[in-house]
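Trainee: Each step along the sequence shown adds one to the number in the numbering used here, with nothing skipped, and position 213 is 1431.
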Amino acid sequence: MSTVAITNDRFEIVAPVYLETGLEPVPIQCVQVEAADEDALGHARLAAAEAELILISSARTVGLLWPEGQMPEVEVAAVGQSSADATGRAGGHVVTTGRSGLLDLIEAIAGRIRTARVVFPHAGGTDPSVITRLREIAGSVEEHVVYRTAPVPALPTEVDAVAFSSPSAVQGWLLARGLDDVVVGVIGKTTAAAVARVRQPDVVSPRPAHGSLAVAMNQHMEANR
């Protein structure tokens, strides 16, 4: 069984989808998550409760803002299935689930964004071109940074492949090791761009979810044995 490094801080949640595809996940955390202070989180919760549409771009956002559930009864547009699932578990009302990243989601629901009071809680370091496009479209948008990720050096554990879901994870990996001797899979255009500064990724997930990446990586590795 081929081994794949899981580089985020959610190994217990992500690992099963790789096991299901026939890959052996290995925890090699390359990011450290720093949540915003409670005042900032509280402001984001209040804003979300008064919104007409909430953009959710990660399951972590939901966990930080509504760790015990009880999301407000406000329409939610989720960037992918994992974000939608997290929203549902927290009692949120998902009306749209994207398939190809945040920018594509924004374009797909541009009509709704133009007319709604939009709240976007997100990670610091979100692709600035996406933020710019959201501001161009939105009639009313309020943004709240609810966490930041910082790179940490990767452990030297030997693996056959590595899965990246953020540019910070790529940076953490590159602090301690290279990419020449592993199959590289990525989620999202900004993560792919971070890898491409060194070399092109082998696999780009067709959807913004680890389940899709796991399937694509397994197929690639089987085809190239």
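Glycine included, each C-beta is placed from N, C-alpha and C at the ideal position.
I think A1296 touches A1302, with their Cβ atoms under 8 Å apart; what is that distance to the nearest whole Å?
Mentor: Within the sequence shown, residue 1296 is the residue found at index 78, counting from 1. Within the sequence shown, residue 1302 is the residue found at index 84, counting from 1. Contact flag correct, Cβ pair sits at about 4 Å.
Trainee: How far does the beta strand (DSSP E) with G1403 in it extend, from its first residue to its last?
Mentor: Along the sequence shown, one-based indexing puts residue 1403 at 185. Per DSSP, G1403 belongs to the beta strand (DSSP E) from V1401 to V1404.
Trainee: Within the same chain, show all residues whose beta-carbon is closer than 6 Å to that of V1422, passing over the 5 residues directly before and after it, in chain order.
Mentor: Position 204 of the sequence shown, counting from 1, holds the residue named residue 1422. These residues qualify, in order along the chain: V1404 and A1410.
Trainee: Taking the beta strand (DSSP E) that S1358 belongs to, which residues open and close that run?
Mentor: Position 140 of the sequence shown holds residue 1358. Its beta strand (DSSP E) spans residues S1358 to P1369.
Trainee: Using a Cβ-Cβ cut-off of 7 Å (strictly less than) and excluding sequence neighbours within five positions of V1312, which residues of its own chain qualify?
Mentor: The residue labelled residue 1312 in the question sits at position 94 within the sequence shown. Taken in chain order, the residues that qualify are V1294, A1296, A1302, T1305 and G1306.
Trainee: Give me, in chain order, the residues of the same chain whose beta-carbon lies closer than 6 Å to that of N1436; leave out the 5 immediate sequence neighbours on both sides.
Mentor: Sequence index remark: in the sequence shown, residue 1436 carries index 218 (1-based). So the list reads T1239, G1240 and L1241, once near-sequence residues are dropped.
Trainee: Only counting the same chain, and skipping five residues up and downstream in sequence, which positions put a Cβ closer than 7 Å to that of S1358?
Mentor: Counted from its first residue, the sequence shown places residue 1358 at position 140. Contacts found: R1335 and V1336.
Trainee: Check whether the Cβ atoms of V1433 and D1420 sit closer than 7 Å, and answer yes or no.
Mentor: Translated into the one-based positions of the sequence shown, residue 1433 becomes position 215. Translated into the one-based positions of the sequence shown, residue 1420 becomes position 202. No, Cβ-Cβ distance for V1433 and D1420 is not below 7 Å.
Trainee: Less than 7 Å separating the beta-carbons of A1427 and G1298?
Mentor: Within the sequence shown, residue 1427 is the residue found at index 209, counting from 1. Within the sequence shown, residue 1298 is the residue found at index 80, counting from 1. Yes. Within cutoff.
Trainee: With C-beta atoms as the reference, is R1366 less than 7 Å away from E1256?
Mentor: Against the sequence shown, residue 1366 aligns to sequence position 148. Against the sequence shown, residue 1256 aligns to sequence position 38. Result no, Cβ atoms of R1366 and E1256 do not sit closer than 7 Å.
Trainee: Where DSSP assigns a beta bridge to T1315, which residues make up the other side?
Mentor: In the sequence shown, the residue the question calls residue 1315 occupies position 97. Answer is A1296, bridged to T1315.
Trainee: T1221 and V1377 - do their beta-carbons sit closer together than 7 Å?
Mentor: Along the sequence shown, one-based indexing puts residue 1377 at 159. Along the sequence shown, one-based indexing puts residue 1221 at 3. Yes, the pair counts as a contact, with Cβ atoms nearer than the cut-off.
Trainee: Can you tell me which of A1277, L1373, G1343 and E1291 puts its alpha carbon nearest to the alpha carbon of T1225?
Mentor: Indexing the sequence shown from 1 puts residue 1225 at position 7. That would be L1373, whose Cα lies nearest to the Cα of T1225.
Trainee: Report all residues from its chain with a CB closer than 6 Å to the CB of V1235; omit the five preceding and five following residues, and keep chain order.
Mentor: Residue numbering aside, residue 1235 sits at position 17 when the sequence shown is read from its first letter. The residues are H1428, G1429 and A1432.
Trainee: Name, in chain order, the residues that DSSP records as bridge partners for A1379.
Mentor: Here residue 1379 refers to the residue found at position 161 of the sequence shown. According to DSSP, A1379 bridges with V1222 and V1401.
Trainee: Grab me the residues of T1350's own chain with a C-beta within less than 7 Å of its C-beta, minus the 5 sequence neighbours each way, in chain order.
Mentor: In the sequence shown, the residue the question calls residue 1350 occupies position 132. Contacts found: none.
Trainee: Are the beta-carbon atoms belonging to R1364 and L1282 less than 7 Å from one another?
Mentor: Taking the first residue of the sequence shown as position 1, residue 1364 is located at position 146. Taking the first residue of the sequence shown as position 1, residue 1282 is located at position 64. First, the residue type needs correcting, since residue 1364 is Val and not Arg in the sequence shown. Yes; because the gap between Cβ atoms is below 7 Å, this pair is in contact.
Trainee: Please identify the residue among P1245, A1341, A1379 and T1314 whose C-alpha is closest to the C-alpha of G1329.
Mentor: Numbered from 1 along the sequence shown, position 111 holds the residue referred to as residue 1329. When only C-alpha atoms are compared, the closest one is T1314.
Trainee: In or out: A1267 buried (at least 16 other Cβ within 10 Å) or exposed?
Mentor: Along the sequence shown, read from residue 1 onward, the residue named residue 1267 stands at position 49. Exposed, by the Cβ-count rule.
Trainee: For a minimum of 3 consecutive residues, which ranges assigned as the beta strand (DSSP E) are wholly contained in the region 1243 to 1277?
Mentor: Those beta strand (DSSP E) runs which fall completely within the region 1243 to 1277 and span 3+ residues are 1249 to 1253 and 1271 to 1274.
Trainee: Per DSSP, what kind of secondary structure is A1427 in: helix, strand or coil?
Mentor: Translated into positions along the sequence shown, residue 1427 becomes position 209. It is coil, neither helix nor strand.
Trainee: List the endpoints of the continuous beta strand (DSSP E) containing A1341.
Mentor: The residue labelled residue 1341 in the question sits at position 123 within the sequence shown. Element bounds for A1341: R1335 to A1341.
Trainee: Would R1443 be called buried (16 or more neighbouring beta carbons within 10 Å of its own) or exposed?
Mentor: Indexing the sequence shown from 1 puts residue 1443 at position 225. It counts as exposed.
Trainee: Between I1324 and R1425, what straight-line distance do the alpha-carbon atoms span, to the nearest angstrom?
Mentor: Here residue 1324 refers to the residue found at position 106 when the sequence shown is read from its first residue. Here residue 1425 refers to the residue found at position 207 when the sequence shown is read from its first residue. Looking at the two C-alpha atoms, the distance is approximately 15 Å.
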